[in-house]
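A.B. asks: Take this structure, written in structure tokens, and hold onto it; I'll ask about it next.
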Amino acid sequence: MSGRTAAHGWGDRLLTGVERAGNRLPQPFNLFLILFGVLAVVSSGLALADVTVEVPGAEEPTAVRGFFTGEGLTWFTANLGPNFINFPPLVTVVTILLAIGIAERSGFLAAGIRSTMGAAPRWALPYAVGLLGVGGSVMSDSIFIVVPPLAALAFAAAGRHPVAGLVGGFAAAGAGYSTSFVPTSLDALFAGITNAVVPAVPALERVAAPVTPLSNYFFNLVSSVVLTLVAGFVIDRVVEPRLVRQGVPTEEHRDAGDLDGDHDHEHARSTTLDDAERRGLRRALLALGVLTAVVLVAVLVPASPWRNAAGGFLPASPLLDSIVFVVFAYFALGGYVYGRVAGTVAGFGDVPRLMGDSIRDMTPFLVLAFVMGQFIALFDWSGVGSALAVAGADALESVGLTGLVVIFAFVLLCSLLNLFIFSGSSMWTLMAAVFVPLFGILGYEPAFVQAAFRIGDSATQIITPLNPYMLVLLTFVRRYEPEAGLGTLIARMLPFVVPFWVAWSLVLLVFVGLDWPLGPGNGTYLDSPVE
25 MSGRTAAHGW
35 GDRLLTGVER
45 AGNRLPQPFN
55 LFLILFGVLA
65 VVSSGLALAD
75 VTVEVPGAEE
85 PTAVRGFFTG
95 EGLTWFTANL
105 GPNFINFPPL
115 VTVVTILLAI
125 GIAERSGFLA
135 AGIRSTMGAA
145 PRWALPYAVG
155 LLGVGGSVMS
165 DSIFIVVPPL
175 AALAFAAAGR
185 HPVAGLVGGF
195 AAAGAGYSTS
205 FVPTSLDALF
215 AGITNAVVPA
225 VPALERVAAP
235 VTPLSNYFFN
245 LVSSVVLTLV
255 AGFVIDRVVE
265 PRLVRQGVPT
275 EEHRDAGDLD
285 GDHDHEHARS
295 TTLDDAERRG
305 LRRALLALGV
315 LTAVVLVAVL
325 VPASPWRNAA
335 GGFLPASPLL
345 DSIVFVVFAY
355 FALGGYVYGR
365 VAGTVAGFGD
375 VPRLMGDSIR
385 DMTPFLVLAF
395 VMGQFIALFD
405 WSGVGSALAV
415 AGADALESVG
425 LTGLVVIFAF
435 VLLCSLLNLF
445 IFSGSSMWTL
455 MAAVFVPLFG
465 ILGYEPAFVQ
475 AAFRIGDSAT
485 QIITPLNPYM
495 LVLLTFVRRY
505 EPEAGLGTLI
515 ARMLPFVVPF
525 WVAWSLVLLV
535 FVGLDWPLGP
545 GNGTYLDSPV
555 E
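Sequential numbering of the sequence shown, starting at 25, is according to the numbering used here.
Below you can see the structure in the form of structure tokens.
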């Protein structure tokens, strides 16, 4: 078949090269340790050379401070703990994940996905898969495990090709991972990292709007709708017809040697809810409707304490400061009510256990956050970040690259790096440290730079061999194509990459061209120049 033939052609050789190059990269924790060491040496060298930089907003030239100096070493030993604990993403991400743990482990989120799959008519199935994949990042990485096999079941039940649902669900979940219809822990994570690097340019900190988990919400909402339609179209008009032309089997090969029990169990789950699950979902949605009414009454009354001094909500207000609480309340309430009605939660005593399970699952992130917090803190304290931002902005202005061309060059760079650095938090920590201050000096809001990063962070992750969930997908695909390999998967994924990248970039252009806000209180350009 052409899919398997592609695995031995030039495409496979290219992907093998990508895989080998990526495998030479250290693990994220080690990578940031190395970067910390490089930054320590560079800062010390610049300090020894008495390098200073004219940082916009600073009253006098800022001298670069060296790590390997008395001042630097005492700063580090005195601030090891604060550098970690004060790493901004921890405050919001940990809090939101506690609530998502209730919603996910009670079965609430999975029930919503299964209900949507089961209710979709035959013609709309590709778009339902796109909807759930693109919007499913609220379930974090588990979306890669939940949606594809359920989509395959739904396609098979409707008389359509199950592999189209399988690969379509994975592609939509991966290529649209950085966006969603609702705020997620990823929004909180990105916002925390963005805010952590803004102080590198004091003038930018004064004129830029604060970045919150809602700062890209309008952009995310429109992007999610567009990407859902793109995903559905590609599944329906490109992927499925090609599978039929190739004669890819629609029946599973039950004797495939690489199946394991956990995947079998997940794959066998029905897209149809039982009575208890349906009751739980209805009660949970009713409870969320009541919560919405309560929130609206609380914030819309004229004397609401959640309004700002001017009586509004933008650009800043207690309501926007309470976004983490609102997101927490929705996930926690929906998950708990569903669990109680469906029987997956015995009582309130189960809540600490569900929360604890979610924290245990994020232990790798907490470990990585320790070293990322040290890296960001040193970048800020040493002044190297400020120096790079000013030097980079001056260089771009000297060659006339200050418009959207440089923004899309940044998006392309992120897309290429995404082939090698799978972790979005790791890559944004690296990119934000330099590009948020740099583009801020050029006149762009930090929230806009973050929105542009989202495009590059997602579109290409479904074709990188370094995506660990590719191996899970390969297990699923081999049930229908026992001889399928990595090249087969890449051939199935490629039709999604360019359409997603182009469509998402066009959404960004529309927001810029029409001067639409990216989220409450956040736009494209700074209201005042950084000077």
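Glycine included, each C-beta is placed from N, C-alpha and C at the ideal position.
Any contact between the segment 154-165 and the segment 197-205? By contact I mean 3 or more CB pairs, one from each, below 8 Å.
C.D. replies: Output reads yes: the segment 197-205 touches the segment 154-165.
A.B. asks: Comparing C-alpha positions only, which one of Ala212, Val348, Ser552, Ala220 sits nearest to Phe459?
C.D. replies: Ala220
A.B. asks: Return the chain-ordered list of same chain residues with a C-beta closer than 7 Å to the C-beta of Ser247, the five sequence neighbours on each side being excluded.
C.D. replies: Thr203, Trp528, Val531
A.B. asks: With H, G and I counted as helix, E and B as strand and the rest as coil, what does DSSP make of Thr252?
C.D. replies: In the structure shown, the three-state DSSP call for Thr252 is helix.
A.B. asks: Taking the alpha-carbon positions, what's the Ala476 to Phe434 distance?
C.D. replies: Their Cα atoms are separated by approximately 8 Å.
A.B. asks: Inspect the beta-carbon positions of Ala413 and Ala224 and report whether they are closer than 9 Å.
C.D. replies: yes
A.B. asks: Buried or exposed, going by whether 16 or more other CB atoms sit within 10 Å of the CB of Tyr549?
C.D. replies: Around the beta carbon of Tyr549, fewer than 16 other beta carbons lie within 10 angstroms, which makes this residue exposed.
A.B. asks: Starting from Glu229, follow the alpha helix (DSSP H) in both directions and report where the run begins and ends.
C.D. replies: For Glu229, the enclosing alpha helix (DSSP H) starts and ends at 226-231.
A.B. asks: Let's test the definition: count the other Cβ atoms within 10 Å of the Cβ of Gly407 and tell me whether it reaches 16, buried, or not, exposed.
C.D. replies: buried
A.B. asks: Work out the CA separation of Phe56 and Leu191 for me, nearest whole Å.
C.D. replies: The identity of residue 191 in the sequence shown is Val, whereas the question assumes Leu. Roughly 33 Å separates the two Cα atoms.
A.B. asks: Going by other Cβ atoms of all chains shown within 10 Å of its Cβ, with 16 needed for buried, is Phe15 buried or exposed?
C.D. replies: Absent from the model: residue 15. The displayed extent of the chain is 25 to 555, so no value can be given.
A.B. asks: Cβ of Gly543 within 9 Å of Cβ of Leu238?
C.D. replies: yes
A.B. asks: Would you kindly work out how many angstroms separate the C-alpha atoms of Val395 and Ala135, rounded to a whole number?
C.D. replies: 37 Å
A.B. asks: Within the same chain, show all residues whose beta-carbon is closer than 7 Å to that of Val534, passing over the 5 residues directly before and after it, in chain order.
C.D. replies: none
A.B. asks: Report the residue from Pro106, Thr119, Pro50, Phe111 whose alpha carbon sits nearest the alpha carbon of Ile347.
C.D. replies: Thr119
A.B. asks: Starting from Thr140, follow the alpha helix (DSSP H) in both directions and report where the run begins and ends.
C.D. replies: Its alpha helix (DSSP H) spans residues 132-143.
A.B. asks: Hey, quick one: how far does the alpha helix (DSSP H) through Ala188 stretch, first residue to last?
C.D. replies: 186-199
A.B. asks: Could you tell me which of Phe337, Val250, Gly313 sits nearest to Val323, measuring between CA atoms?
C.D. replies: Phe337
A.B. asks: Can you tell me the Cβ-Cβ gap for Phe444 and Leu63, rounded? I've got them flagged as a contact below 8 Å.
C.D. replies: Going by Cβ atoms, the distance from Phe444 to Leu63 rounds to 20 Å, so no, they are not a contact pair.
A.B. asks: Whole alpha helix (DSSP H) runs in the segment 347-378 with 4 or more residues, listed along the chain?
C.D. replies: 347-366
A.B. asks: Considering only residues of the same chain and omitting the five flanking positions on each side of Ala456, which have a CB-CB separation below 7 Å?
C.D. replies: Ile217, Thr218, Val221
A.B. asks: Kindly indicate which three-state DSSP category Asn491 falls into: helix, strand or coil?
C.D. replies: coil
A.B. asks: Please state whether DSSP places Asn219 in a helix, a strand or coil.
C.D. replies: helix
A.B. asks: Identify whether Glu290 lies in helix, strand or coil by the three-state DSSP scheme.
C.D. replies: Only weak support is given to the placement of Glu290: the predicted model assigns it a pLDDT of 43, under 50, and the question is left unresolved by the model.
A.B. asks: Pop quiz: Ser67 and Phe91 are said to be a contact at Cβ under 8 Å. What is the actual Cβ separation, rounded to whole angstroms?
C.D. replies: 5 Å
A.B. asks: The alpha helix (DSSP H) that contains Leu312, what's its start and end?
C.D. replies: 299-324
A.B. asks: Would you report the Cα separation of Ala515 and Glu469, rounded to the nearest angstrom?
C.D. replies: 38 Å
A.B. asks: How big is the Cα-Cα spacing for Arg377 and Leu133?
C.D. replies: Linking Arg377 to Leu133 through their CA atoms gives a straight-line distance of about 18 Å.
A.B. asks: Please report how far the alpha carbon of Gly373 lies from the alpha carbon of Ile126, in whole angstroms.
C.D. replies: So the two alpha carbons sit approximately 12 Å from each other.
A.B. asks: For Arg146, count neighbouring C-beta atoms within 10 Å of its own C-beta (all shown protein chains included) and say buried if the count is 16 or more, exposed if not.
C.D. replies: exposed
A.B. asks: State the DSSP-derived secondary structure class of Tyr241, mapped to helix, strand or coil.
C.D. replies: helix
A.B. asks: Measure the Cβ-Cβ separation of Asp260 and Asn240 and say whether it is below 9 Å.
C.D. replies: Going by beta carbons, Asp260 and Asn240 fall outside the 9 Å limit.
A.B. asks: By how many angstroms is the C-alpha of Ser482 removed from the C-alpha of Val429?
C.D. replies: 20 Å
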